[in-house]
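Only one structure is covered here, and it is reproduced in the block below.
Number of protein chains: 2
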Amino acid sequence: MESLSVDLVDKAGSRSYPIHIGAGLIGRGELYRPYARGAVAIVTNSVVAPLYLEAVKKASGATAQIVVADGEQAKGWQTLNQVFDELLQARIGRDGLLVALGGGVVGDLAGFAAAIYQRGIDFVQVPTTLLAQVDSSVGGKTAINHALGKNMIGAFHQPRAVIADVATLDTLPERELRAGVAEVIKHGFALDASFVAWLEGNIELLLKRDAAALAHAVKRSCELKARVVAADEREAGERALLNFGHTFGHAIETGTGYGAWLHGEAVAAGMVMAAELSQLMGHLKKTEVARLRELVRRAGLPVKGPALAPERMLELMALDKKAAKGKTRFVLLESIGRAALRADVDEALVRKAIVAAAQ
Amino acid sequence: MESLSVDLVDKAGSRSYPIHIGAGLIGRGELYRPYARGAVAIVTNSVVAPLYLEAVKKASGATAQIVVADGEQAKGWQTLNQVFDELLQARIGRDGLLVALGGGVVGDLAGFAAAIYQRGIDFVQVPTTLLAQVDSSVGGKTAINHALGKNMIGAFHQPRAVIADVATLDTLPERELRAGVAEVIKHGFALDASFVAWLEGNIELLLKRDAAALAHAVKRSCELKARVVAADEREAGERALLNFGHTFGHAIETGTGYGAWLHGEAVAAGMVMAAELSQLMGHLKKTEVARLRELVRRAGLPVKGPALAPERMLELMALDKKAAKGKTRFVLLESIGRAALRADVDEALVRKAIVAAAQ
């Protein structure tokens, strides 16, 4: 097991938390015990429950288990209220601990439930997808969706610990594994050139679910993300760099209807578009764009976006911007491993980048 | 206008906020302007809107107004979702400002909406009831109710400012004014003997809504509450002293069905019970209990609880305890102005105190 620490800006001590990474961790009681001041409740979904609920229950000493539906639809009011009903019926108090066992949806939902149940209780993330292990379980962002926008209702609520057990990835469907790899690639290209080199040498091992390779990819991703989150917990600036590929990616997800493309797949194609845009703006070399394309391809991820006209993509990005009244900002690459945030991007170049990515 | 400051424990600067107290403040644009980085939305209810919405709209430059139903029922999911729908339709962004214009229900609801809308936006409290001005608008507690418990879902989210305009109290129904006075009396008896003496000399002026008397009562209450909140934002200890009269009071509210007794009325009778208990335990003198009874009576508030058997009261307090898995702790008085938290209270004495209070 390897452990690293997320140290948050206001160094009040209690704001730091460990991320444990390794194989076979979910059954280790000592990883839960420090946070179980009162009763423990597990929130998981109907797919993960048959696989890992018993082990986590035993290790954590949980007395309540809340099994929600699988899928993005569970990230809404109704499921959130189901969680509250069951927490209250199980008499979980302010000293209770909530264990989020599952992928990004369970982590976001259960984390948000912990953030607002009795004005906030402790929670531990036990991510069981690669996407959740390398991305969503770290950083304290929790949320549910609203009919008018994804993740529109939420809170910053840091977990007390993250237990990333790479052995749980053995049961992950192939397509979801690859979608998780997209965020791993993102961390490399946005923040760490040497991690990109490591990925170029180990991508096949990762896809074969080699435990050591997975553990390294999770660890390095978490280190990179933790560093950024520590510097910018509330996403005022630097944290936005983690959104490399996401401006285009969100447009792809919305344009194709949520669920048709997995988030990681949309991000993969979105990264290629963002890289082409970076090249058109004179930052990235063509050979560097080619390295991204090649790694995405080897990961079995889409290099090209869906059949959406560039005009439609621009429209979707503008809509996305308006919904939250933010500015359309692009995370561009100055070089591999060095992302930068830019708001002053010419629309004609964006159109050109979308066309170039489709070649 | 008088202004005081709530300074929170982690002195990060941005965590402090002003409370402005005076007559005719809601129309002063300069009190809103420092916080209006983006669009401004007002949340109010159907009773307050016809009275003060236009003035606040003009002063704050609000472009959106959300009018919810009046009453405790509005503190639920449905109304919260109404607020989110309208905030999103009005395209209020992360830089938006929410103005909570109304009593405790609006403050709790709108404050909670601000806490979780897009993971938290700024808000300003404009309390228009005495209860909200002296109590609920200060301290950052926000919440909605759940079918299984009041204020079960919520967040700590401090306002950027509180604008307590005592002129708005002119339109407050008599009974609600008196209910607010209960919390003023509570602040005195729990925390400040000289404030009790002032109240004994000025209670009639307060009830006549003399602006200077109201402003002093609001200011002193806010000062006392702000001091406690600053020392204990998350209610680990000292903040519980503000619950003097509330353990009994909650039992009265639940036992009579929410709404039959106003919160302040239940707290008034609850304070007498808590004082009797303090006397039975040898802390408070009989003459001190008599002073509380007399002030409560002069304020037109109930000295005696409802016709609930002591056994039923004990049962309700135990239920209250179990719901949140907390311990039944009593806030007792060691003397006037010196409250203390006690968990080791003999049940027989509690029964006796309830009986004594009914004499």
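Residue numbers (the numbering used here), protein chains in the order written: chain L, 1 to 359; chain D, 1001 to 1359.
Quick reminder that beta carbons are idealized off the backbone N, C-alpha and C, glycines included.
Within the region 1042-1118 of chain D, the runs of beta strand (DSSP E) that reach at least 3 residues and sit entirely inside it are, in chain order, 1064-1068, 1097-1102. In this chain, I1026/D is not harboured by any alpha helix (DSSP H), its DSSP state being neither H nor E. At a beta-carbon threshold of 8 Å, the residues of chain D lying near L88/L are H1146, L1148, G1149, M1152, A1323, ordered along the chain. Between R1239/D and I336/L, the alpha-carbon positions lie close to 52 Å from each other.
Among the CB atoms of chain L, one or more fall inside 8 Å of the CB of R1119/D. Under the 8 Å criterion on CB atoms, K141/L is classed as interfacial with respect to chain D.
Here H20/L is near V162/L, since their CB atoms are less than 8 Å apart. From the listed residues S1278/D, A1212/D, R1220/D, V1296/D, the smallest Cα separation to G1024/D is found for A1212/D.
Using a Cβ distance threshold of 8 Å, G1029/D and A1049/D do not count as a contacting pair. Counting along the chain, no alpha helix (DSSP H) covers L1004/D; the unbroken beta strand (DSSP E) around it starts and ends at 1002-1006. G1120/D places its beta carbon less than 8 Å from that of A155/L. If you check each beta-carbon in the region 1055-1070 of chain D against every beta-carbon of chain L, none falls closer than 8 Å. Close to chain D, meaning a Cβ-Cβ distance shorter than 8 Å, are the following residues of the region 76-101 of chain L: W77, N81, F84, D85, L88, Q89, R91, I92, G93, R94, D95, G96.
For I1026/D, same chain residues with a beta-carbon under 7 Å away, outside a window of 5 residues either side, are Y1052, A1055, V1056, A1059, V1126, I1163, D1165, T1168 in chain order. Per DSSP, the unbroken beta strand (DSSP E) holding R1342/D starts and ends at 1338-1342. Between the beta-carbon of A1114/D and that of F1123/D there is about 4 Å, and that keeps the pair under the 8 Å contact cut.
DSSP, read as helix, strand or coil, puts Q133/L in helix. Of all residues in the region 37-53 of chain L, those with a C-beta nearer than 8 Å to a C-beta of chain D are G38, A39, reading in chain order.
DSSP places D232/L outside both helix and strand once states are collapsed to three, so it counts as coil.
Closest in alpha carbon position to T63/L, among A90/L, E72/L, N81/L, is A90/L.
Taking one beta carbon from each stretch, the region 1186-1193 of chain D and the region 1092-1110 of chain D have fewer than 3 pairs nearer than 8 Å; the two do not touch. By the Cβ neighbour-count rule, Q1078/D is exposed, with fewer than 16 other Cβ atoms within 10 Å of its own. Judged by their CB atoms, L80/L and L109/L are nearer to each other than the 8 Å cut-off. Between the region 333-352 of chain L and the region 307-316 of chain L, the count of Cβ pairs shorter than 8 Å is three or higher; the stretches touch. Against chain D, the beta carbon of F330/L has no neighbour under 9 Å; the closest one sits roughly 18 Å away. Take the alpha-carbon of F1195/D and the one of Q118/L: they are about 32 Å apart. Put simply, the backbone Cα of V1043/D is about 10 Å away from that of G1111/D. Where G1149/D is concerned, the enclosing beta strand (DSSP E) starts and stops at 1149-1156.
V296/L sits close to V272/L, with the two beta carbons spaced by under 8 Å. In the DSSP annotation of this structure, T328/L is not part of any alpha helix (DSSP H), being labelled neither H nor E. The beta-bridge partner set that DSSP reports for D1346/D is empty. Chain order gives the chain D residues near I116/L as I1116, I1153, G1154, A1155, where near means a beta carbon separation below 7 Å. Contact between I92/L and A41/L is confirmed by a C-beta separation of about 5 Å, below the 8 Å threshold. In this structure, the CA atom of L319/L is about 17 Å from the CA atom of D346/L.
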